[in-house]
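One line per chain: the protein sequences are A and B, in this order.
Each step along the first sequence adds one to the number in my numbering, with nothing skipped, and position 157 is 159.
Each step along the second sequence adds one to the number in my numbering, with nothing skipped, and position 95 is 105.
Backbone N, C-alpha and C define an ideal beta-carbon position, used for all residues, glycine too.
It should be emphasised that the depicted structure is a prediction, and the values quoted were computed from it without experimental measurement.
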Amino acid sequence: MTRPLFRIAVASGKGGTGKTTVATGLAAELASRGEKVTYLDCDVEAPNGHIFMRPGIEESRPVEVAVPLFDNEKCTACGECCEACRYNALACLKDRVLAFHELCHGCGACSMVCPVGAVSEGARKVGTIDSGTAGACGFLQGNLSVGEAMPTPVVRALLRRIPDEGIAVLDAPPGASCPVVETLRSSDLAVLVAEPTPFGLNDLRIAVETVRKLGVPLGVVVNRSGTGDGRLVDYCEREGLEILAVIPDDRKIAEAYARGVMPAHTHPEFARVIGRLAAAVTREKEPA
Amino acid sequence: MKVAITSTGPELASRVDPRFGRAAWFILFDTDTDDSRPVDNSEGVEAGSGAGVSAAETVVREGAEYLLTGHCGPNAFRTLETAGVKVIVGVDGTVGEAIEKLRSGELQAAGGPDVGPHSGV
Chain A
3 MTRPLFRIAV ASGKGGTGKT TVATGLAAEL ASRGEKVTYL DCDVEAPNGH IFMRPGIEES
63 RPVEVAVPLF DNEKCTACGE CCEACRYNAL ACLKDRVLAF HELCHGCGAC SMVCPVGAVS
123 EGARKVGTID SGTAGACGFL QGNLSVGEAM PTPVVRALLR RIPDEGIAVL DAPPGASCPV
183 VETLRSSDLA VLVAEPTPFG LNDLRIAVET VRKLGVPLGV VVNRSGTGDG RLVDYCEREG
243 LEILAVIPDD RKIAEAYARG VMPAHTHPEF ARVIGRLAAA VTREKEPA
Chain B
11 MKVAITSTGP ELASRVDPRF GRAAWFILFD TDTDDSRPVD NSEGVEAGSG AGVSAAETVV
71 REGAEYLLTG HCGPNAFRTL ETAGVKVIVG VDGTVGEAIE KLRSGELQAA GGPDVGPHSG
131 V
């Protein structure tokens, strides 16, 4: 039973709201319903979904970005490339150009504008993509190398590895910056996990604005319900946002998480909530 | 000899800006003629990335042989060192005081960067 790919991004704005708890729980639940599921950890700066998915990693491939290499015989230090570089990754000195590869975004402008053809393209490793299986789920995760500042190329490489069928559950990074946008932009549904606290509401607003700008349908999962106040739910009602699931504030869920165990395995109430979420996203996937 | 000093303002009486790449101004001072000239670094202050590299290019372009500043990171240091500019870090007080300290031989050139990248953000 092969179906067109459906991509669900689990994002949040605020960090630590339960993205990974929801994304790993949802992936496992959908797989147990017979769906062909791939879980992708797009939080390449701190991937931790593997702790819960416990995958067998079968392969690890490098992610490389393009960097400029200068032929000092040809280079006249005219400065055109330094002028063209938006990232100040090139310094034009009297007799040569210095390249700072860790500042380079790999856009290729320097080689395009060089009048003497002194710039060629090299490659620099910035991370890896691990792939394998976790039970019935496919598993993919990106890892940004320590010391690297730009996660987006790793996210992009990771998303290129999504199989072209079944359901992909994308565990997004926190925040609303480039790697989050990269994760969300090609998704069919965004599930935003939020806590009903003032911080949670503030960051949910930012996430909702981002998702709306990208034109991706979205729903909200309220986590740690019972803490904070009612303003987050009021906001969702006012904005016409569907609340797909409500996870109660329960120490047992946190204890399972802290042991690296999926809460659904030890906590029947959490399992029921994730079951309802899985049913809700499946409905989104196949509108009647 | 031309000296560049990072400065919080355009005057010799302004305080030394402890940051290099994102310093508000550079004061270009000629120790032979006592001429000074402020160079605006708003480009560096607002740079998304590579502020140190951009500022180092400016200092090199202005023909300075010495840079006096508070701190200097690795990318800026490499650029300045390659261009033969001597870097002196840990400088404070006013720009005028910094120049006097250089003249009296109180200041020593740094052997390497004294902070990591992005320290001035």
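Item, Value
"Tell me the rounded alpha-carbon separation between L279 (chain A) and V248 (chain A).", "9 Å"
"Sorted by chain position, which residues of the same chain lie with C-beta nearer than 8 Å to A266 (chain A)'s C-beta, five sequence neighbours on each side aside?", "G27, A30, E31, F272, A273, I276"
"Count the other CB atoms within 10 Å of the CB of T89 (chain B); is the residue buried (16 or more) or exposed (fewer)?", "buried"
"State whether the region 36 to 51 of chain B contacts the region 87 to 101 of chain B, with contact taken as three or more CB pairs (one from each stretch) at a distance under 8 Å.", "no"
"Can you check whether the C-beta of E72 (chain B) is within less than 8 Å of a C-beta belonging to chain A?", "no"
"Please report the straight-line C-alpha distance between R113 (chain B) and T41 (chain B), rounded to a whole angstrom.", "8 Å"
"Under 8 Å, Cβ to Cβ, is there at least one residue of chain B near A178 (chain A)?", "no"
"Is the distance from the Cβ of R125 (chain A) to the Cβ of V195 (chain A) below 8 Å?", "With the sequence shown as reference, residue 125 (chain A) is identified as Ala, and Arg is not the correct amino acid for it. Result no, Cβ atoms of A125 (chain A) and V195 (chain A) do not sit closer than 8 Å."
"Quick check for students: name the residue ranges of the beta strand (DSSP E) that lie wholly in the region 123 to 175 of chain A, counting only runs of 3 or more.", "139 to 146, 169 to 173"
"Strictly under 8 Å for the Cβ-Cβ distance: is M3 (chain A) near chain B by that measure?", "Its pLDDT being 47, under 50, M3 (chain A) is placed unreliably by the model, and the measurement read from it follows with that caveat. It does not: the Cβ of M3 (chain A) has no partner Cβ on chain B nearer than 8 Å."
"Using beta-carbon positions only, say whether N51 (chain A) and A209 (chain A) come within less than 8 Å of one another.", "According to the sequence displayed, residue 51 (chain A) carries Gly and not Asn. For G51 (chain A) and A209 (chain A), no; Cβs fall outside 8 Å."
"For E85 (chain B), decide whether its Cβ has a neighbour in chain A, counting only Cβ atoms nearer than 8 Å.", "The sequence as given places Asn at residue 85 (chain B); Glu does not occur at that position. Yes, N85 (chain B) counts as interfacial toward chain A."
"Determine which residues share a DSSP beta bridge with K12 (chain B) and list them.", "B:D40"
"Spell out the partners DSSP gives P6 (chain A) in its beta bridges.", "A:E167"
"Does the beta-carbon distance from L300 (chain A) to V222 (chain A) come in below 8 Å?", "Residue 300 (chain A) lies beyond the residue range present for chain A, which begins at 3 and ends at 290; the question has no answer from this structure."
"Enumerated in chain order, which unbroken segments of the beta strand (DSSP E) with a length of 3 residues or greater are wholly contained in the region 176 to 252 of chain A?", "191 to 196, 220 to 227, 244 to 250"
"Going straight from the alpha carbon of P165 (chain A) to that of A25 (chain A), what length do you get?", "18 Å"
"Quick check: the Cα distance between E66 (chain A) and A48 (chain A), rounded to an integer number of angstroms?", "19 Å"
"If I follow the unbroken alpha helix (DSSP H) through K287 (chain A), where does it start and stop?", "270 to 287"
"Mind listing which residues of the region 94 to 112 of chain A have their C-beta closer than 9 Å to chain B's C-betas, in chain order?", "C94, L95, K96, R98, L100, F102, E104, L105, H107"
"Is E75 (chain B) helix, strand or coil when you go by DSSP?", "coil"
"State buried or exposed for A260 (chain A), treating a residue as buried only when at least 16 other CB atoms are found within 10 Å of its CB.", "exposed"
"If the cut is a Cβ gap below 9 Å, which residues of chain A does R88 (chain B) touch?", "A93, L100, F102"
"Can you tell me whether Q118 (chain B) is buried or exposed? The criterion is at least 16 other CB atoms within 10 Å of its CB, across all chains shown.", "exposed"
"For a quick check, are the C-beta atoms of L42 (chain A) and L216 (chain A) less than 8 Å apart?", "no"
"For V182 (chain A) and A170 (chain A), what's the separation of their Cα atoms in angstroms?", "16 Å"
"Per the DSSP calculation, I98 (chain B) is bridged to which residue(s)?", "B:L78"
"Between the alpha carbons of G144 (chain A) and G134 (chain A), how many angstroms are there, rounded?", "12 Å"
"Decide if F201 (chain A) is buried, meaning its Cβ has at least 16 other Cβ atoms within 10 Å, or exposed.", "exposed"
"By Cβ distance below 6 Å, which residues in the same chain neighbour A66 (chain B) in space, the five residues on each side in sequence not counted?", "A86, T89, L90"
"Within the 8 Å Cβ cut-off, does T16 (chain B) reach chain A?", "no"
"Note down, in chain order, every chain A residue with its Cβ under 7 Å from the Cβ of S59 (chain B).", "Y89, N90, L105"
"Are A13 (chain A) and A159 (chain A) closer than 8 Å when you measure CB to CB?", "no"
"A34 (chain B) versus chain A: which residues are under 9 Å apart at the beta carbon?", "What A34 (chain B) touches in chain A: nothing, since even the nearest Cβ is about 18 Å away."
"So that I know if they touch, is there some Cβ in chain A lying closer than 8 Å to that of V131 (chain B)?", "no"
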